[in-house]
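Heads up: the structure comes next, in structure tokens.
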Amino acid sequence: MKTSIWIILLYLLSISLYAEDGHNLWLHDKGSVRVNVVCKKSSPTLNIAVDELQQGWQGKDGATIVLEIRKDKAIKSDGFEINSNGIKANTELGILYGVYELLRRQQTGEPIEEMISNPSYAIRILNHWDNPDGTIERGYAGHSIFWRLGETALVVTDADKMLWHEYARANASVGINGSVLNNVNASPLMLSKEYLQRVKAIADIFRPYGIKVYLSVKFSSPTLISGLKTSDPLNPEVIKWWQEKVKEIYSIIPDFGGFLVKANSEGMPGPQDFGRTHAEGANMIAAALKPYGGIVMWRAFVYSPSDQDRARQAYNEFVPLDGKFLDNVIIQSKNGPIDFQPREPFSPLFGAMKKTSVAPELQITQEYLGQSIHLVFLAPMWEECLQSETYQEGAGSTVAHCTDGSIYLQKFTVIAGVSNIGLDVNWCGHVFAQANWYAFGRLAWNNSIKSEQIADEWLRLTFSPDTPKHGVTALSDDWTGHFLLPVKQMMLESREAAVNYMMPLGLHHIFAADHHYGPGPWWAPKGMRHDWTPPYYHKADTNGIGFDRTSEGSNAVNQYHEPLASKFSDLKTCPEIYLLWFHHLPWDYKMQSGRTLWEEICYHYESGLNQVREFQKIWDMVEPYVDHERFVAVQSKLRNQCRDAQIWKDACLLYFQQFSRRPIPYDIERPVYDLNYLIDEDMKRYR
Ligand code: GCW
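In case it helps, this note's numbering puts the sequence shown at residues 52 to 738.
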């Protein structure tokens, strides 16, 4: 063969070897140094721990590390101690988590000193909204990694096993220890014998990584699966049905975790269909699981199209039931009182149920935050919620502390994240969406960790100063200064940017249609449930804009503990980030900046768009420090995000301007789209 062909082949080979498709997440093969691992016992979990150390060790060449299981009171549940000899823990899983911590510190260059680390929550779980046909509700990264359609749907292939294995390892590496394998809008199929066999296959792969499997169940399963006349939770046959189903599950999967239930919400059946309460429904299922150590995560996301403000409904439904739930029932509440919006105040349920385990549910998949197109790092949003003071037990009773067992005696402490994972090669659709999966795990382990630290860690683990450059010359070797710092800054600002270009100042739920992607403050088709249309939430008219939740309005403020109720009610003290969440205000209302409310709205949309333009520049500037594949992928997504931000700005300003009847301040860039064009385009796409 001619030399030139050899050169071309070698070149192609080198590109493909370096091709970075994002599949390895934050677990890159960094090339290891020799280490001598001493571990007296052997087990599937400990063997993983030893292998990980041997493959990823970056410390002193030839060092000896001792892995030791020994009871120590300072170490709790899955916690561990890192000391000068190695890692100590009460359990095998504690050892594994300690190994991942040690390796992470080596890779990120964080100091490795004597430390004890205990998880904030005992159960750190991903909720997959995956359907048996392989589709994923609100999934933007391809089909399910667990389920698929077709004749071979239930055949467990080597490729399945490999993927589940990689998934389990990634989760364990950030401390996640549970997965709900199917959608909360649950199909009864999941409880059939055939599907349970596949659940068992998944559980077998997850087990050594400490990941338990859970299933979402439909409350009417006794009727749907076995033809019982009723699914009334107080009916003896129904009770027996659940007991037998649970027994069957545990005979197949002895360490099965339990159930997640969405009941009497958005058309799902529930105990109220039979005149029973949520407590009666949850307890019946919980009683069946109790002998096996299983739990029920019962969702508080319930609301109906009544006259009552949607933001008040979950609290009104659940707080009166406090004390009535069995101790293996966990009430799972979304971070905000409505629905995973770009910004909501925390749900007043947190801290208000003092005798019940309450779990925060965060949404990792970006249903309302640009899906897999927009670069939005969610840790700042979750940190904002977890660090919110509820004042339920005085200062310091943050949402984090009201849910992690440090204030109330909760038998189970749980935190759940709605997953953003699918079959896409890079798992999440957007390289930077991987950071949200990572961030959820890190916050579930340590609910006081700062967003900045998470971003820093993730960037150092995911990108590398040694990235081969393809044609673009780096300005200098200063990876930290020229890559890490600007990109971290971009991540940390990205959520506020999204709030600015989508719904600033407390605006919420102004998406067109059910896609929850683009703007639609006008969207209100005839006959649609009013609480599913944006005008219900923004209430714009010629007098002003915003939802009055003070005592003059829906009085949702009084669900917050003082001093918050007064703080949110009073215009002088209500934080401007929540202004239109709690108040309906005239367009010429004077803001702290001295501008009118209308002007302030305009400036927020404008600054959101400008922030994305800045992100584009930052990303282009870091090109020399990123592999070509991921550089191009993110660059292209940012272009889309910028176009979308323009659409959001133009749609919202032109629509609201019909009511404000005021000019858009003249120092702001003019809209480039016509309102009618945007309305028509959206109609065409999503009719
Ligand atoms: O926000 C809504 C989503 C639904 C979802 C529901 C829920 C799974 O639009 O797709 O259903 O929340 O959380 O139950």
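Even for Gly, the Cβ is constructed at its ideal location relative to N, Cα and C. Note that this is a predicted model, so its numbers are computed, not measured.
About 5 Å separates the beta carbons of Asp-72 and Val-476, which is inside the 8 Å limit, making them a contact pair. For Leu-247, same chain residues with a beta-carbon under 7 Å away, outside a window of 5 residues either side, are Ile-300 and Ile-303 in chain order.
A distance below 8 Å separates the beta carbons of Thr-96 and Leu-147. Nearest to Ala-495 by alpha-carbon distance, out of Val-450, Leu-460 and Glu-143, is Val-450. In the structure shown, the three-state DSSP call for Trp-349 is strand. In this structure, Phe-491 sits near Ile-415, with a CB-CB distance shorter than 8 Å. For Trp-180, the CB falls within less than 7 Å of some heavy atom of the ligand GCW. Going by DSSP, Ile-652 is part of the alpha helix (DSSP H) stretching over 648 to 672.
Inclusion of Asn-497 and Ser-171 in the CB contact set at 8 Å is warranted, their separation being smaller than that value. Judged by DSSP secondary structure, Pro-585 falls within the alpha helix (DSSP H) whose first and last residues are 585 to 589. The way I'd put it, the region 138 to 156 doesn't touch the region 266 to 285; fewer than three beta-carbon pairs between them come closer than 8 Å.
Here Gln-414 carries a strand assignment [DSSP, helix/strand/coil].
For Val-86, the uninterrupted beta strand (DSSP E) segment begins and ends at 86 to 90. Contact between Gly-597 and Leu-636 holds, since their C-beta atoms are separated by about 5 Å, short of 8 Å. Per DSSP, the unbroken alpha helix (DSSP H) holding Ile-146 starts and ends at 143 to 159. Contact between Leu-729 and Ala-702 holds, since their C-beta atoms are separated by about 5 Å, short of 8 Å.
In its chain, beyond the 5 residues on either side, Pro-399 and Phe-619 have a beta carbon closer than 7 Å to the beta carbon of Tyr-611. Distance between Pro-259 and Asn-228, taken at the CA atoms: about 11 Å. For Leu-266, the beta-bridge partners assigned by DSSP are Phe-310.
Between the region 238 to 252 and the region 277 to 287 there are fewer than three C-beta pairs closer than 8 Å, too few to call the two in contact. Ala-219 has its alpha-carbon roughly 15 Å from the corresponding atom of Asn-471. The Cβ atoms of Ala-506 and Met-553 do not sit closer than 8 Å to each other. The Cβ atoms of Asp-123 and Leu-144 do not sit closer than 8 Å to each other.
Straight through space, the alpha carbons of Gln-667 and Arg-681 are spaced by roughly 14 Å. For the options Ser-243, Gln-323, Glu-613 and Arg-394, the alpha carbon positioned closest to that of Pro-431 is the one of Arg-394. The residues Asp-112 and Gly-113, in chain order, have a CB closer than 6 Å to that of Arg-85 in the same chain once the five nearest residues on each side in sequence are set aside. The shortest C-alpha to C-alpha distance from Gly-344 to any of Phe-534, Pro-388, Gly-374 and Tyr-265 is the one to Tyr-265.
With fewer than 16 other Cβ atoms from the protein chains shown falling within 10 Å of its own Cβ, Asn-594 counts as exposed.
Just so you know, the alpha carbons of Tyr-151 and Trp-77 end up roughly 12 Å apart. Only exposed fits Arg-121, as fewer than 16 other CB atoms lie within 10 angstroms of its CB. For the set Glu-444, Lys-735 and Asp-528, the Cα lying nearest the Cα of Glu-613 is the one of Glu-444. Following the DSSP letters along the chain, one finds Asn-178 in no alpha helix (DSSP H) but inside the beta strand (DSSP E) bounded by residues 174 to 178. Bridge partners of Asp-358 according to DSSP: none are assigned. In summary, Asn-87 is exposed, with fewer than 16 beta-carbon neighbours lying within 10 Å of its beta-carbon over all protein chains present. Looking at the backbone, the Cα of Glu-603 and that of Phe-633 are separated by about 11 Å. Approximately 14 Å separates the beta-carbon atoms of Leu-705 and Pro-716; this is outside 8 Å, ruling out the contact.
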